[in-house]
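Beneath this line is the structure, given in structure tokens, with notes to follow.
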Amino acid sequence: MATPALMNKKESSPEISRKEKFGKWYNEKGIGYVFLAPFLILLFIFTIFPVFSAMGLSFTYYNMLEPAKFIGLENYKRLILDDDIFITAIKNTLTFAVITGPIGFFASFLFAWIINQLKYNNLFSLAFYAPSLCSGIAMSQVWLWFFSSDRVGFINYILLKYGIIMEPVLWNKDTDTIMPVVIIISIWMSMGTGFLVFLAGLQNIPSDLYEAGRIDGISHKTQELFHITLPLSKPQLLFGAINSITNSFAVFDVAVSVAGMPSPDYAAHTIVAHLYDHAFIRFEMGYASAIAMFLFLTTFFLGRICMRIFKDET
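The sequence shown maps to residues 0 to 313 in numbering that gives the first Met the number 0.
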């Protein structure tokens, strides 16, 4: 017959077992979740919840003064079939993204690769990264001195001085020159964060691998680039590609600073500018949410393509 002590031990063993399992789980994973909790909470509040909130509002008519009214797919029908300015915004944004995205991406990696091999790379790194520390509006004002439409603008002054042009070029007012100016400024500003990420990745590649490559027959830097550097830089390339896509489709402040809101003949009108117009000027939050969902799905789809291209199979 079991004694009372043995019975108490048997009764308490499941509870002790649960406590031991919880303690083991907490020691292995729980501490990590505790440290992740602040980030996860903020991610849910400021990213995940707004995305789903915008998704719901995109099916409604909501002007911030009256309760949201469900209207189904009317916002999306109006967006695709009836809004000619939105089609212009798509064309401008795609033109901007196709040019600035690849150029900024490859230029960031190229300069990071070159500077990584220089002696005083910290000084050059600061020079390349410094522009990204300033806002797009501030940098646009600096560049507007170069592209000023009067005779005192730097480029107009040089062109007039050497007789290349007879009248000042209206850089930020002519529909043919507005987008090129925005593209030039944006490319110059886009090489900050991506450049720094590429440089950090290149500096973390062990030098032993380059020595082993030279032993195996690699004789010059180009072979090192394609056989060692690029395969080991896939995580940084993925981040840079997604960052370039996001920044290209999110262009707004530079275009508005250069050409105004709205720009002449909507020559620099982008998707984000169209979203801002309907959300904070016309207060059509439901329609603006539909624009935001279109932009979100576009960047998400392109991001998935980049993840397939730069997927690390090791």
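Glycine residues also receive a C-beta, built at the ideal position from the N, C-alpha and C atoms.
Taking Cβ to Cβ, would you say residue i is nearer than 9 Å to residue j?
i	j	result
I290	H273	yes
I270	T92	yes
G200	F58	no
M292	A88	no
L198	A111	yes
L132	F123	no
D252	I136	yes
W187	W144	no
F48	G239	no
Looking only at DSSP bridge pairs, what is residue i linked to?
i	result
F69	T59
For residue i and residue j, what's the separation of their Cα atoms in angstroms?
i	j	result
F153	P167	11 Å
I30	A36	10 Å
F45	L39	10 Å
L208	I227	8 Å
P234	P205	16 Å
G191	I70	43 Å
Y61	K68	6 Å
L80	G212	57 Å
A1	F34	Here the model assigns A1 a pLDDT of 49, short of 50, so the residue's position is not dependable, and the following value carries that caveat. Straight-line Cα distance between these residues: approximately 47 Å.
Which residues in the same chain as residue i place their Cβ atom closer than 7 Å to its Cβ, once the five residues preceding and following it in sequence are excluded?
i	result
L237	C305, M306 and F309
I241	G302 and C305
L109	none
I217	E223 and H226
What does a CB cutoff of less than 6 Å around residue i pick up in its chain, not counting 5 residues either side in sequence?
i	result
A258	N171, I177 and A267
R150	P167
I164	L158
A254	V181, A267 and T269
According to DSSP, is residue i part of a helix, a strand, or is it coil?
i	result
T92	helix
R303	helix
D252	helix
I164	coil
F309	coil
K118	coil
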